[in-house]
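Step one of this worksheet: look at the structure below.
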């Protein structure tokens, strides 16, 4: 599932204008309706201040059992083409406290737009800054190791 | 568990953030055991440098060390990379699902700018 990417990356063509795709990220009401991994996981938007420097806080309700809280702040908002925000899962979660970053790029296409979501900096932020050049390769190697049967294709 | 796992993940990503260490992982990737001396010759590095890299990899749980007399043997622990892989995979799955739902939401929404 990890593929050959150096981070979690989704690239998708959508039959809608960049403005409409951007709008789906820009309001709590809309975000609440789609920003979850599956319809079984319900999102409550606890806080949503959609401006550069503004913060958000999401609660993900996993079918009556656990709630996972994700929080962060928006560092870049450029309608209708770019959004960057930090992404930190709160305790108690296996991955709590890791400072990661999500970049959303929306590009116009002849019939709609292309949406690219990259979830980066999946390690500790200060470590990444110290080793910025090593990062991309690091996860490439990691994925090779996790999927050794794919090595011959590369 | 939560208290343990973040530092572990930090150690993993720190260990992976260096080119020489990644090459060392690669050299051990087929599962064979290599001594510190063999690795030093392969990477044409001074033994103290190699020892330092191996220590970082060992602390991250990526390699394990077996001491046989004066020879230190190293082997890759695949488990050491599993947690980092799960963390990346978790977000890959998250966004795949979310974008599916975004696509559905946009399709059912008002078609004000549909072309």
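Chains as they are written, first to last, in this note's numbering: chain A, 1 to 154; chain B, 1 to 115.
Quick reminder that beta carbons are idealized off the backbone N, C-alpha and C, glycines included.
The straight-line gap separating the alpha-carbon atoms of residue 56 of chain B and residue 98 of chain A is approximately 20 Å. Taking a C-beta distance under 9 Å as the contact criterion, residue 95 of chain A and residue 11 of chain B do not qualify as a contact pair.
Chain B has no Cβ within less than 9 Å of the Cβ of residue 65 of chain A. With contacts defined as CB atoms closer than 9 Å, residue 61 of chain A and residue 86 of chain A fail to qualify as a contacting pair.
Listed by position along chain A, the residues whose Cβ is nearer than 7 Å to that of residue 96 of chain B are 10. If you draw a 10 Å sphere on the C-beta of residue 27 of chain A, you find fewer than 16 other C-beta atoms in it, and that means exposed. CA-to-CA, the gap between residue 18 of chain A and residue 82 of chain A works out to about 10 Å. Here the segment 101 to 109 of chain B makes no contact with the segment 61 to 69 of chain B; the two share fewer than three CB pairs at distances below 8 Å. Neighbours of residue 101 of chain B in chain A, taken as residues at a C-beta separation under 9 Å, are given in chain order as 33, 34, 35, 36, 37, 38, 39. A distance below 7 Å between beta-carbons, with the five flanking residues on each side excluded, links residue 80 of chain A to the following residues of its chain, in chain order: 18, 19, 22, 106.
Contacts with chain A (Cβ-Cβ distance below 8 Å) from the segment 39 to 56 of chain B involve no residue at all. Contact check for residue 104 of chain A against residue 25 of chain A passes: the beta carbons are separated by less than 9 Å. In this structure, residue 37 of chain A sits near residue 94 of chain B, with a CB-CB distance shorter than 9 Å. Using a Cβ-Cβ cut-off of 9 Å, residue 100 of chain A counts as an interface residue toward chain B, since at least one Cβ of chain B sits closer than that to its own. In the three-state reduction of the DSSP assignment, residue 43 of chain A falls in the strand class. By the beta-carbon neighbour count (other beta carbons within 10 angstroms, threshold 16), residue 31 of chain B is exposed. Residue pairing by DSSP places residue 108 of chain A opposite A:113 in a beta bridge. With respect to the 9 Å criterion, residue 119 of chain A and residue 91 of chain B are classified as neighbours on the basis of their beta carbons. Excluding five sequence positions before and after residue 76 of chain A, the CB atoms of its chain that fall closer than 7 Å to its own CB belong to 52, 82, 83, 84, given in chain order. Shortest Cα-Cα distance from residue 37 of chain B to any of B:25, B:50, B:103 involves B:50. Within chain B, the residues whose beta carbon sits less than 9 Å from that of residue 24 of chain A are 102, 105, 106, 109, listed in sequence order. Comparing alpha-carbon positions, the option among B:101, B:71, B:96, B:81 lying closest to residue 22 of chain B turns out to be B:81.
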